[in-house]
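Written below as structure tokens is the structure these notes are about.
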Amino acid sequence: MNLLRAFLSNSRLRNATIGIIVLLVLSVVPFFKAPPPHVELAAEALLEHGPKWFTNGLLTTLLVDLIIILMAVFAVSRMKEVPGAWQNIVEMLVEGMWNLTQSIAGHGSANSRKFFPWVITIFIFVLVSNYIGLLPGFGSIGIYHSGAESHAQAELGNRLAMAGAESVAAAPAEEGKPVLVPLFRSPSADLNMTLALALISVFMTQFFGVQALGLRYFTKFFKNPFKDGMGAVVAFFELIAEISKIISFSFRLFGNIFAGEVVLLVMAFLVTFLLPSIFYGLELFIGFIQALVFMLLTLAFFTMATVSHDDHH
Numbered sequence: 010m011n012l013l014r015a016f017l018s019n020s021r022l023r024n025a026t027i028g029i030i031v032l033l034v035l036s037v038v039p040f041f042k043a044p045p046p047h048v049e050l051a052a053e054a055l056l057e058h059g060p061k062w063f064t065n066g067l068l069t070t071l072l073v074d075l076i077i078i079l080m081a082v083f084a085v086s087r088m089k090e091v092p093g094a095w096q097n098i099v100e101m102l103v104e105g106m107w108n109l110t111q112s113i114a115g116h117g118s119a120n121s122r123k124f125f126p127w128v129i130t131i132f133i134f135v136l137v138s139n140y141i142g143l144l145p146g147f148g149s150i151g152i153y154h155s156g157a158e159s160h161a162q163a164e165l166g167n168r169l170a171m172a173g174a175e176s177v178a179a180a181p182a183e184e185g186k187p188v189l190v191p192l193f194r195s196p197s198a199d200l201n202m203t204l205a206l207a208l209i210s211v212f213m214t215q216f217f218g219v220q221a222l223g224l225r226y227f228t229k230f231f232k233n234p235f236k237d238g239m240g241a242v243v244a245f246f247e248l249i250a251e252i253s254k255i256i257s258f259s260f261r262l263f264g265n266i267f268a269g270e271v272v273l274l275v276m277a278f279l280v281t282f283l284l285p286s287i288f289y290g291l292e293l294f295i296g297f298i299q300a301l302v303f304m305l306l307t308l309a310f311f312t313m314a315t316v317s318h319d320d321h322h
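If you count the sequence shown from 1, you need to add 9 to reach my numbering.
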């Protein structure tokens with residue numbers, strides 16, 4: 010009784026509890042149910058009879074580029090001796106990334122100044138790409154296409170998203186029925202973008218390696234098996250590992266972000282209110298971690314590429 014009396018006397022706790030109960034009840038009311046999620050493994054062409062390369066992933070990538078450019082212009086154009094809130098945020102970000110770059114590439118080294126523009130650009134781009142997919146309208150605002158061409162893709166997407174949920178999977182796209190193609194798609198949930206970013210990272214690793222060591226950089230990948238048989242075997246595995254970076258980079262980022270977006274869509278369909286908020290917080294954390302991991306791995310590979318193989322011994 011004392012607990013009940015204390016609960017009733019605390020207006021904030023009482024109102025919050027009532028609000029949570031009301032939202033959970035509304036989540037199961039058909040009128041407030043979210044529509045079945047639209048899930049596609051690949052980015053979709055926006056124009057049904059237009060170029061297939063112009064996808065929702067590409068459109069959002071251009072939007073992310075524009076956002077980053079405007080952020081940079083706004084930060085630089087309003088710089089003051091006594092910084093405001095936005096300038097403080099930008100300076101903290103740049104200083105933090107610079108200190109992190111120096112701690113890995115070497116304090117005061119030429120490599121730090123050389124690598125820094127690349128790694129901070131990668132970090133900011135991936136971070137904005139991860140977060141932009143969490144904005145309202147992504148996945149729900151789009152263009153209707155005739156269902157004939159996208160029937161197989163839509164059915165596959167529904168099966169992927171609704172694995173284990175028969176009540177949801179009962180609504181696959183019917184052939185001939187219009188299919189909603191989302192106008193925007195997170196660039197990090199588009200394998201084309203993550204693959205392109207991985208190729209840039211690996212290519213620049215080779216570029217910095219050759220720039221620092223010359224053609225002898227490639228001796229860690231190719232050795233004469235008649236002179237050094239074991240060294241040739243190790244070099245072969247080094248080459249395989251270098252190529253595999255492209256796969257691991259691209260699929261790690263794509264898999265984490267795409268899976269997170271699918272989870273958000275499914276949770277929003279099953280429980281419209283409250284529960285998706287928990288996963289939103291998780292996705293904010295994962296989006297930051299994935300951007301930081303991509304940046305740190307790229308920086309580490311840049312640094313290792315500029316060190317002679319003999320120096321490791």
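Cβ atoms here follow ideal geometry from the backbone N, Cα and C, with glycine treated the same way.
In the DSSP assignment, residue 66 falls within the unbroken alpha helix (DSSP H) covering 65-86.
Annotated as proximal: residue 150 and residue 192, with beta-carbon spacing under 8 Å. Selection 77, 215 and 206 evaluated against residue 303 yields 206 as nearest (Cα-Cα). Bounds of the beta strand (DSSP E) holding residue 189 are 188-191. Pairing residue 154 with residue 190 gives a Cβ-Cβ distance under 8 Å. A distance below 8 Å between beta-carbons, with the five flanking residues on each side excluded, links residue 244 to the following residues of its chain, in chain order: 228, 229, 230, 231 and 232. Distance from the Cα of residue 137 is smallest, within the candidate group 314, 295, 307 and 306, for 295.
Using a Cβ-Cβ distance cut-off of 8 Å, the region 48-65 and the region 112-121 are not in contact, since fewer than three pairs of beta carbons, one from each stretch, lie closer than that value. Separation of residue 141 and residue 186 (C-alpha to C-alpha, rounded to the nearest whole angstrom) is 29 Å. If you look at residue 153, you'll find it in the beta strand (DSSP E) that goes 151-154. For the pair residue 273 and residue 288, the CB atoms are nearer than the 8 Å cut-off. One thing to note: residue 198 has its Cβ within 8 Å of the Cβ of residue 267.
Judged by DSSP in its simplified three-state form, residue 51 adopts coil rather than helix or strand. Separation of the CB atoms of residue 52 and residue 65 is rounded to 6 Å, and the pair is thereby assigned contact status at 8 Å. Taking C-beta separations shorter than 7 Å and ignoring five residues to either side along the sequence, the partners of residue 121 in its chain run 110, 111, 114 and 115, following chain order. Beta-carbon to beta-carbon, residue 124 and residue 311 are separated by about 5 Å, close enough to satisfy the 8 Å threshold.
About 7 Å separates the Cβ atoms of residue 301 and residue 132, confirming a contact at the 8 Å cut-off. In the three-state reduction of the DSSP assignment, residue 60 falls in the coil class, being assigned neither a helical nor a strand state.
Taking 8 Å as the cut-off, the Cβ atoms of residue 202 and residue 70 count as close.
Annotated three-state conformation of residue 312 is helix, per DSSP. Annotated as proximal: residue 254 and residue 211, with beta-carbon spacing under 8 Å. Collapsing the DSSP output to three states places residue 90 in coil.
Straight through space, the alpha carbons of residue 84 and residue 93 are spaced by roughly 10 Å. Under the criterion of beta carbons closer than 8 Å, residue 271 and residue 135 do not qualify as touching, at roughly 19 Å.
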